[in-house]
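What follows is a single structure, written as structure tokens, with notes after it.
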Amino acid sequence: VALVKDDDLYIANCGDARAILGTVDDEGNPAVIDLSHDHNIRNQAEVKRVLREHPPNEANSIIRSDRLLGLLMPFRAFGDIRFKWPANYLREYLQPYYKKGDAIPQFYLTPPYLAVRPEIRKHKLTKKDKFIVLATDGVWDLLSSEKVVQLIFNHQKGIQSFDRFVLHKTGNTTTLKLKDINELLLARQQAIKNQPIDQNSATHLIRQALAYTSKGQFDSKLLSDVLTFPNPRSIRDDMTITVVYFDQDYIDQIQTKGKTK
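Okay, here's the thing in structure tokens:
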């Protein structure tokens, strides 16, 4: 969950979805700021938390095959009562709906095992911050945070080439020098070369994740194969992406107002 209040950005995360911030460094180059931690086996602090919350004699049974009780990838989540309720509740209320197998996981001794408490982070927005990406684990299985930010910056350059080219003017007079105009035209020419198939950034990211080869070339057959595979869960996880662009004028106004107080 992401919340913006004035120039404060709050992120609450519970699970292995991820939030990242697309920003720029002092030289204007794309940069990424991680706004959340994945709650899974790759997070050693999370592994220690899970082990700490249960008796030492369960140390070898809580996390098996990199999963909680050998079954669940995330160590925190809403729902999934099978890893939270007492065993007698599961037996009474959940087991009747299980046609095969036991509703109670193996070595289910001291529930709850799955935490529901979100991790909350606050970030002060600046004019360098351009957008935020919220995405599920299926995206991060295929793309790194750095790659996602770079793809979106490149995508925006390409998207701008769809707009009509207009020089900045003061009244009826163009204040740019010939050299500046030439640089703008060269940048636009490059953007047109990289003009994306999708005008939506989130769709662009999914297309990149699923159907671009290691050489950076789009493979339409690969995309078709991936999307029509009879058992998609076996080759990819859920892929949901939200990209939110910040209103730079709004951030500027908020920060200016704060300085005058």
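For the sequence shown, the numbering used here begins at 110 and goes up steadily by one.
Even glycine gets a Cβ: it sits at the ideal position worked out from N, Cα and C.
| Asked | Found |
| --- | --- |
| Pick from 139, 150, 234, 196 that is closest to residue 185, judged by C-alpha positions | 150 |
| Terminal residues of the alpha helix (DSSP H) in which residue 110 lies | No alpha helix (DSSP H) holds residue 110; DSSP gives it neither H nor E. |
| Exposed unless 16 or more other CB atoms sit within 10 angstroms - verdict on residue 192 | buried |
| For residue 170 and residue 216, believed in contact at Cβ under 8 Å, the rounded distance | 4 Å |
| Beta-carbon separation (whole angstroms), residue 141 vs residue 130, contact threshold 8 Å | 7 Å |
| Buried versus exposed, by CB contacts within 10 Å (16 or more), residue 234 | buried |
| Inter-residue spacing [alpha-carbon to alpha-carbon] between residue 124 and residue 183 | 5 Å |
| Where residue 233 falls: helix, strand or coil (DSSP) | strand |
| DSSP beta-bridge partners of residue 371 | Only positions 110 to 370 of the chain appear in this structure, which leaves residue 371 out of reach. |
| Start and end residues, beta strand (DSSP E) containing residue 243 | 240–244 |
| Meets three-Cβ-pair contact criterion under 8 Å: the segment 306–324 and the segment 339–356 | yes |
| Residue 225, DSSP secondary structure in three states | coil |
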